[in-house]
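This report refers to the structure that appears directly beneath it.
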Amino acid sequence: MKIVKCIIPLIFIVTLILSTNKRETDTIPKITLKGKVITNLIEGEKYEEPGYSASDKKDGDITNKVKIEGTVNYNKEGIYELVYSVSNSKREKANAYRFVKVSRQNLTYKDSYDKIDNTSRGWWSGNKFDHQRPPGGADINELKKYDAYFLGKDDKTIYLTFDEGSYETYLDKVVEVLDKNDVKGTFFLCKNYIEKNPDLIKKMSLNHSIGNHTFHHENMPSLATKENFEKFLSEIKETEKAYYNITKKDMDKVYRDPRGEWSFRDLQIIKDLGYKTFFYSANYDDFSKVLSKEEALNEMLKRYHNGAIYLIHPNNRGNYEALESFITEMKKQGYKFDLVKNIS
């Protein structure tokens, strides 16, 4: 990645491009950039290559020989340089340059947010151990308006999700069990955990989905106000950046509120940031007491149902020890496993 480490005046960039274009006409190969040579993006907005072509008086069309150096981190503010180069059969070379400016996320607090209920609620699943789809803590259709879900479709699919903060955990063991059984899981992680476990995060990013669980694991409705809005945004954006810095990939736009504390205003802001929120329809007390393998497996088996989204805490040893047995039993019963990002 090549990022210009200072804010370059626009006139300087234009001058550089003009001089580059002049040099191109003095060489035999020629690169023509499509679209704008100075592109402006908002932080989080993906860069899409507009395209290019290359030709040579002798070799003709040599577009397929063009190489591009440099990448754009659209989750980090800055000016990024992309260098296009091509050589003809005589090894004569031409370069062209494109600059991409990524500006800070421009989401600002909207007056319309004040009209949305910001009462902090606790989520409950309503699961009654009868293997029927539970009612959940809010109306399904109302939640969909905010791109929020607590159930998948009414078919034999289970979604395993894991919430983690920054404490000691068996998360690495959980990943081993999932990989061994060819099951993909969704992990809602906080910034501190991501930063402290770079090797594990890289491994997880290959097969699993990593979602946003905020920076500090705070009550997000309390930050969904005009006065605290920058803090709200920071909780999300800093976690995204930590993930990108380690994996060079974008975090999946899936989110879970810390501690199951949420508000409708909180959901709307998260939606405006491009995320879907995922609650859960199957959970049990695995965060305040230690469970044995047998206890954890019993809790898991009592709660399965079509489209179930499980909330599991990897810091409980019993959960990880019971996980493989649970997966095996569910497969015997004809269930498959999927990622919540595929729910719509």
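With the first letter of the sequence shown counted as 1, position 293 gets the number 322 in the numbering used here; the numbers rise by one all the way through.
Cβ atoms here follow ideal geometry from the backbone N, Cα and C, with glycine treated the same way.
Nearest candidate by alpha-carbon position, reference residue i, set the options
| i | options | result |
| --- | --- | --- |
| T61 | T148, Y333, V112 | V112 |
| E324 | E350, D367, Y199 | E350 |
| G73 | M359, D192, D315, G107 | G107 |
| K65 | I57, I71, E77, P58 | E77 |
| P164 | G181, D176, S149 | G181 |
| K266 | S82, P79, M280 | M280 |
| K139 | D176, E247, F258 | F258 |
| F158 | I299, N335, I341 | N335 |
| N226 | D201, K270, K75, G155 | D201 |
| K63 | F366, Y81, N69 | Y81 |
| R285 | F244, V129, Y364 | F244 |
| K318 | H342, L302, R150 | H342 |
| G155 | K360, S149, F179, Y109 | F179 |
Opposing strand residues paired with residue i [DSSP bridges]
| i | result |
| --- | --- |
| S82 | T61 |
| E193 | L218 |
| R127 | L111 |
| L180 | A337 |
| S132 | I71 |
| E366 | According to the sequence shown, residue 366 is Phe rather than Glu. For F366, which the question treats as bridged, DSSP gives the partners I187. |
| E290 | G151 |
| G303 | G303 pairs with nothing; no bridge assigned. |
Burial state of residue i (16 or more Cβ within 10 Å)
| i | result |
| --- | --- |
| P287 | buried |
| E197 | exposed |
| F171 | Sequence check: residue 171 is Glu here, not Phe. Label assigned to E171: exposed. |
| T268 | buried |
| S132 | exposed |
| K86 | exposed |
| P79 | exposed |
| I71 | exposed |
| F375 | Absent from the structure is residue 375, since the part of the chain shown begins at 30 and ends at 373. |
| R332 | buried |
| R52 | Any reading at R52 must be qualified, since the residue scores a pLDDT of 47, below 50, and its modelled position is unreliable; no value is offered. |
Helix, strand or coil at residue i according to DSSP, with G and I counted as helix
| i | result |
| --- | --- |
| L137 | Leu is not the amino acid found at residue 137; the sequence shown has Thr there. Here T137 sits in coil by DSSP. |
| S149 | coil |
| S310 | coil |
| S317 | coil |
| T68 | strand |
| E323 | helix |
Contact between the stretch 87 to 95 and the stretch 111 to 126 (3+ Cβ pairs under 8 Å): yes
Touch test, the stretch 290 to 302 against the stretch 249 to 260, Cβ-Cβ under 8 Å, three pairs minimum: yes
At least 3 beta-carbon pairs within less than 8 Å: the stretch 211 to 218 vs the stretch 235 to 245: yes
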